[in-house]
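**Student:** Protein chains in written order, with my numbering: chain A, 635 to 1256; chain B, 675 to 834. Beta carbons: idealized from backbone N, C-alpha and C, even for Gly. Please read these numbers as outputs of a predicted model, since none were measured by experiment. What follows is a single structure, and I will ask about it in a moment.
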Amino acid sequence: MSYKTIVEDDIDILVVGAGLGGTGAAFEARYWGKDKKIIIAEKANIDRSGAVAQGLYAINCYMGTRFGENNPEDHVRYARMDLMGMLREDLAFDMARHVDSTVHQFEEWGLPLMKDPKKGTYMREGRWQIMIHGESYKPIVAEAAKKSADKVYNRICVTHLLMDESKENRIAGAVGFNVRTGNYHVFKSKTVICGAGGASNIFKPRSVGEGAGRVWYAPWSSGSAYGLMIEAGAKMTQMENRIVLARFKDGYGPVGAYFLHLKTYTQNGMGEEYESKWFPALTEMVGKEYLDTEGQHLSHKPIPTCLRNHAFISEVNAGRGPIHMVTMEAFQDPHLEEIGWHNFLGMTVGQAVLWAATDVDPKYENPELTTSEPYVMGSHATGCGAWCSGPEDVSPAEYYWGYNRMTTVEGLFGAGDAVGGTPHAFSSGSFTEGRLAAKAACKYIDDGKGEGIVVSDKQIADLKEKIYKPLETYQVYSNEVVGGSVNPNFINPRQGLDRLQKLMDEYCGGFGVNYMTNEKLLSIGLKKLKSLEEDMEKIAASDIHELLRAWELNHRVRTSESVFQHTLFRKETRWPGYYYRGDAMKLDDKNWHVLTVSHRDRKTGEYTMEKAPLYHLVGDKE
Amino acid sequence: MPTFVYMTRCDGCGQCVDICPSDIMHIDKTLRRAYNIEPSMCWECYSCVKACPHHAIDVRGYADFAPLGHSVRVHRDEEKGTIAWRIKFRNGKKDMELLAPITTKPWGTAYPKFSEIPAPSEEMRNSELLFDEPKTIRMDDGGLRTLQAAGLKLEAGVYY
């Protein structure tokens, strides 16, 4: 292969993946590291990359402390309730106490936040959400990162992190290739802040054929946050905690504004309220502490999202589908009707296209809802990701090793989807995590922790060979057959992705099996995944674009393995409605009121699983 | 809704290639115009549609669930700071125009200039504060919440 090797040396802070987390890191790093060399490596173009590329119509995490609306600890309690107790409350508290600062700066930069004319506050969609005109959310935020970074490398698919050869378990940068030129890029850096994305498209999507791109989370969210960090030996947490979304059917248009602001509600195919009848049996499964239907309206506690999913799934299985969103009442108000449409245009245009194509006017027809395939991510309402240190003034000893948001690999930090145990961060919280990671990374460097890093030419050459191997495989074997995509020597990335999605769906609890799995199924699935991993050695790419897809698939496979291991480990059904362990259908606080933590040995690929204690915020008098 | 490109409007400028988050807008080497090389990895995010200076890119609903005959068109104007949409239903009964702001400031002007801002003090570095905090948290001098101020502690065990 004749691709050039381009080395960027002496980097202080390398941001890998510049969605909301990565841009937050790049922005803040310049303040704490005036003379530091800050570099961004991004798979796409940072003006429209990551999950917010399309825009957002709401910021889902804003405390409003300036208006006396909420305190950070209120948000932690809310997230705890929604996640059935499972989160890192130190990280969640830390994010929440800083997040308003991020939102106020977004407004300063030009992001249009809607105002409540009566109260003088921001327009609330719900207790935590504020409404925005966010079509240009990403380009506005990216501008701040561009002004801070020494250089932005767009269109670099980062495939691997570099490891220091002078000190065990220390980061040394990253490598990847340019998806336009094909050139090999080497970034040697004292620290890496991983802002790469969570994983869509690892479970078989409901859509088929051309529609396979119509996933809820962006199709370019290739699990690279986990693929990169797991390969580097970073510990992961809560990777079993995949999320299933109840959304408008086929288009996966968001329902938040509809429920909270437009006050629409759901009913079954017969036009009946259906949720409450499933709650008594559900209380049996999860315990009264998590679902107390009699006391629920008194406590004003929202019902955890997974449990509402459970009612949805159960009602459909009972033959009383489809579930409808009742829009016909709210949409009679022309102002609310307009908001309903703007909401899609601002963040899920495809849903508007679908309704236009199918003549669904929500003013005269209640649209159908569905439950999605599962997603593995850590910034929306779930908390998959790396096991990271918390802040000094909050975290207990088990959660603290010196630098905020640093993983268990020295010098490797995370933000957004990359950080585990911090659900409900969303866009603003992810940016905030990036800021926290950047400050800590600067401190790490100033403390001299990144000195004396050694990266041998051999490490760089070995990775280069590995990265381009799919192109070589194609060259060597493609002419062995007359034509077409069937070849006994290799599979292409699409074929590999199809295989991954099928096995994840059938063995790890996808929509095709009603989100059900058990130990036996998981063990079979892991075995099948192992052979897919072996076939990944023989994956072929006919061009650079396919090479990108091949490496995205590698990250998805690595993510999936971790999901299997974690799901196998947690022998209970913690989140009915997200997935079910058929062999342990009850929530089991006696044995599983813990966070799951995994480690994959870099050399052997062996997994070790452990339980980490859960710390909760309680009154200091208790 | 995978994108497609009108032959007569595209001049091959490559703006769509440059912006597509999924790397699926490529230039056809023979025709020297852009096209969607991988519709099944298209999120219908409209980034390319918005970026095209000739409105040469449009979207046709995913073939697996969207019938033909609809239209959702867009014009994004950074100078005016607005985005304009037009939605047409397949049955022709609905034809909506919607307008929204995309920014409140002239593009790219309202960012802090770190080169002119003094470097943070040692005290600031050793604190838990981020840039422009505590001011930007509550827009007053107070703001950064601590466990102590909240009357809280972290306790291991089962709490709900």
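Measuring CA to CA, which of B:Val691, B:Cys687, B:Leu705, B:Met699 is closest to B:Met681?
**Tutor:** Walking along the second sequence from the start, residue 681 of chain B turns up at place 7. Closest option to B:Met681, Cα to Cα, is B:Leu705.
**Student:** Using 9 Å as the limit for Cβ to Cβ distance, is B:Leu705 near chain A?
**Tutor:** On the second sequence, residue 705 of chain B is found 31 positions in, with the first residue counted as 1. Not an interface residue.
**Student:** Could you tell me which of A:Glu1186, A:Lys772, A:Tyr691 sits nearest to A:Ile790, measuring between CA atoms?
**Tutor:** Looking up residue 790 of chain A in the first sequence gives position 156. Closest option to A:Ile790, Cα to Cα, is A:Glu1186.
**Student:** Can you list the residues of chain A that B:Met813 reaches, using a CB-CB cut of under 8 Å?
**Tutor:** Here residue 813 of chain B corresponds to residue number 139 of the second sequence, with the count starting at 1. Per Cβ cutoff of 8 Å: Arg700, His738.
**Student:** Using 10 angstroms around the beta-carbon of A:Met718, count the other beta-carbons present and answer buried if the total reaches 16, otherwise exposed.
**Tutor:** Counting from one through the first sequence, the residue named residue 718 of chain A turns up at place 84. A:Met718 comes out buried.
**Student:** Residues of chain B with CB closer than 8 Å to the CB of A:Trp743, please, in chain order.
**Tutor:** Reading the first sequence from its first residue, position 109 is the one you call residue 743 of chain A. Simply Lys779, Ala784, Tyr785.
**Student:** If we call anything under 9 Å between Cβ atoms a contact, is A:Val960 one with A:Asn902?
**Tutor:** The residue given as residue 960 of chain A occupies position 326 in the first sequence. The residue given as residue 902 of chain A occupies position 268 in the first sequence. It is not a contact, given that the beta carbons lie outside the stated cut-off.
**Student:** Could you check the C-alpha separation between A:Asp1091 and A:Ser823 for me, to the nearest Å?
**Tutor:** Taking the first sequence and counting its residues from 1, the one referred to as residue 1091 of chain A is at position 457. Taking the first sequence and counting its residues from 1, the one referred to as residue 823 of chain A is at position 189. Whole-angstrom Cα-Cα distance: 15 Å.
**Student:** When the Cα of A:Gly1050 is compared with those of A:Val733, A:Gly702, A:Lys1245, which residue comes out closest?
**Tutor:** Taking the first sequence and counting its residues from 1, one reaches residue 1050 of chain A at position 416. Nearest C-alpha to A:Gly1050: A:Val733.
**Student:** Who are the neighbours of A:Pro607 on chain B, taking C-beta pairs under 9 Å?
**Tutor:** One cannot answer for residue 607 of chain A here, as it falls past the ends of chain A, which runs 635 to 1256.
**Student:** Please confirm if A:Gln688 has its CB atom under 9 Å from at least one CB of chain B.
**Tutor:** To locate residue 688 of chain A, count along the first sequence from 1; it is residue 54. Interface residue, yes.
**Student:** How would you call A:Tyr998, buried or exposed, if buried means at least 16 neighbouring beta carbons within 10 angstroms?
**Tutor:** Residue 998 of chain A sits at position 364 when you count from the first residue of the first sequence. Under this definition A:Tyr998 is an exposed residue.
**Student:** Please report the straight-line C-alpha distance between A:Ala1184 and A:Asn943, rounded to a whole angstrom.
**Tutor:** By 1-based counting over the first sequence, the position of residue 1184 of chain A is 550. By 1-based counting over the first sequence, the position of residue 943 of chain A is 309. Taking the straight line from one Cα to the other gives about 34 Å.
**Student:** Note down, one range per segment and in chain order, each beta strand (DSSP E) of at least 3 residues found wholly within the region 804–838 of chain A.
**Tutor:** 805–812, 818–828
**Student:** Compare the beta carbon distance of A:Met870 and A:His1233 with 9 Å and say whether it is the shorter of the two.
**Tutor:** Position 236 of the first sequence, counted from the start, is the residue given in the question as residue 870 of chain A. Position 599 of the first sequence, counted from the start, is the residue given in the question as residue 1233 of chain A. It is a contact, given that the beta carbons lie within the stated cut-off.
**Student:** Is it the case that the Cβ atoms of B:Lys827 and A:Leu1251 are separated by a distance below 9 Å?
**Tutor:** The sequence position of residue 827 of chain B within the second sequence is 153, counting from 1. The sequence position of residue 1251 of chain A within the first sequence is 617, counting from 1. A contact, by the Cβ cut-off of 9 Å.
**Student:** Nearest chain B C-beta to A:Ser1176 closer than 9 Å, yes or no?
**Tutor:** Walking along the first sequence from the start, residue 1176 of chain A turns up at place 542. Closer than 9 Å: no.
**Student:** Could you run through the region 983–996 of chain A and flag, in chain order, every residue whose CB is less than 7 Å away from some CB of chain B?
**Tutor:** Val983, Gly984, Ala986, Val987, Leu988, Ala990, Ala991, Thr992, Asp993, Asp995
**Student:** Are the Cβ atoms of B:Asp806 and A:Gln739 separated by less than 9 Å?
**Tutor:** The sequence position of residue 806 of chain B within the second sequence is 132, counting from 1. The sequence position of residue 739 of chain A within the first sequence is 105, counting from 1. Yes, the pair counts as a contact, with Cβ atoms nearer than the cut-off.
**Student:** Please name the residues in the region 671–684 of chain A whose beta-carbon is closer than 9 Å to at least one beta-carbon of chain B, in chain order.
**Tutor:** Lys677, Ala678, Asn679, Asp681, Arg682, Ser683, Gly684
**Student:** With DSSP collapsed to three states, give me the class of A:Thr1151.
**Tutor:** In the first sequence, residue 1151 of chain A corresponds to position 517, counting from 1. Of the three classes helix, strand and coil, the one that applies to A:Thr1151 here is strand, per DSSP.
**Student:** Please state whether the Cβ-Cβ distance between A:Glu769 and B:Ile776 is less than 9 Å.
**Tutor:** Your numbering for residue 769 of chain A matches position 135 in the first sequence. Your numbering for residue 776 of chain B matches position 102 in the second sequence. It is a contact, given that the beta carbons lie within the stated cut-off.
**Student:** Rounded to whole angstroms, what is the Cα-Cα separation between A:Leu941 and A:Arg876?
**Tutor:** Sequence index remark: in the first sequence, residue 941 of chain A carries index 307 (1-based). Sequence index remark: in the first sequence, residue 876 of chain A carries index 242 (1-based). Rounded to the nearest whole angstrom, the C-alpha separation of A:Leu941 and A:Arg876 is 14 Å.
**Student:** Can the beta-carbon of A:Ile1125 be found less than 9 Å from the beta-carbon of A:Ile1173?
**Tutor:** Locating residue 1125 of chain A in the first sequence gives position 491, counting from the first residue. Locating residue 1173 of chain A in the first sequence gives position 539, counting from the first residue. Yes.
**Student:** So with CB distances below 7 Å, who are the chain A contacts of B:Val733?
**Tutor:** As a working mapping, residue 733 of chain B is identified with position 59 in the second sequence. Those are Val987, listed as they occur along chain A.
**Student:** Taking the alpha carbon of B:Gly725 as the reference point, which residue from B:Val748, B:Arg760, B:Lys703 has its own alpha carbon closest?
**Tutor:** Locating residue 725 of chain B in the second sequence gives position 51, where the first residue counts as 1. Before going further, note that residue 725 of chain B is Ala rather than Gly in the sequence given. Answer by Cα proximity: B:Val748.
**Student:** In the DSSP assignment, find the unbroken beta strand (DSSP E) run with A:Cys791 in it and report its ends.
**Tutor:** The sequence position of residue 791 of chain A within the first sequence is 157, counting from 1. Where A:Cys791 is concerned, the enclosing beta strand (DSSP E) stretches over 790–797.
**Student:** Give the residues of chain A in contact with B:Thr820, contact being defined as C-beta atoms less than 7 Å apart.
**Tutor:** As a working mapping, residue 820 of chain B is identified with position 146 in the second sequence. Residues of chain A passing the Cβ test: Asp1027.
**Student:** State yes or no: is the beta carbon of B:Pro775 nearer than 9 Å to at least one beta carbon in chain A?
**Tutor:** The sequence position of residue 775 of chain B within the second sequence is 101, counting from 1. Chain A contact via Cβ: present.
**Student:** Between which residues of its own chain and A:Glu1244 is the CB-CB distance below 6 Å, once the five residues before and five after are set aside?
**Tutor:** Here residue 1244 of chain A refers to the residue found at position 610 when the first sequence is read from its first residue. Closer than 6 Å at the Cβ level, and outside the excluded window around A:Glu1244, lie Val1231.
**Student:** I need the boundaries of the beta strand (DSSP E) containing A:Ser910, first residue and last residue.
**Tutor:** Looking up residue 910 of chain A in the first sequence gives position 276. Counted as a single uninterrupted DSSP element, the stretch harbouring A:Ser910 is not any beta strand (DSSP E) but the alpha helix (DSSP H) occupying residues 909–920.
**Student:** One question on the structure: do B:Tyr709 and A:Gly984 come within less than 9 Å of each other, judged by their Cβ atoms?
**Tutor:** Position 35 of the second sequence, counted from the start, is the residue given in the question as residue 709 of chain B. Position 350 of the first sequence, counted from the start, is the residue given in the question as residue 984 of chain A. For the 9 Å CB-CB criterion, B:Tyr709 and A:Gly984 do not form a contact.
**Student:** Roughly how many whole angstroms lie between the Cα atoms of A:Met1039 and A:Gly1055?
**Tutor:** Position 405 of the first sequence, counting from 1, holds the residue named residue 1039 of chain A. Position 421 of the first sequence, counting from 1, holds the residue named residue 1055 of chain A. Sequence check: residue 1039 of chain A is Arg here, not Met. Their backbone Cα atoms lie some 11 Å apart in a straight line.
**Student:** Reducing DSSP to helix, strand and coil, say where A:Pro773 ends up.
**Tutor:** The residue given as residue 773 of chain A occupies position 139 in the first sequence. Three-state DSSP puts A:Pro773 in a helix.
**Student:** Under a CB-based cut-off of 9 Å, is B:Ser795 close to chain A?
**Tutor:** If you number the second sequence from 1, residue 795 of chain B lands on position 121. With 9 Å as the cut-off, B:Ser795 does not count as an interface residue toward chain A.
**Student:** On the DSSP letters alone, give me the boundaries of the beta strand (DSSP E) that B:Leu772 sits inside.
**Tutor:** Within the second sequence, numbered from 1, the residue matching residue 772 of chain B stands at position 98. Per DSSP, B:Leu772 belongs to the beta strand (DSSP E) from 769–775.
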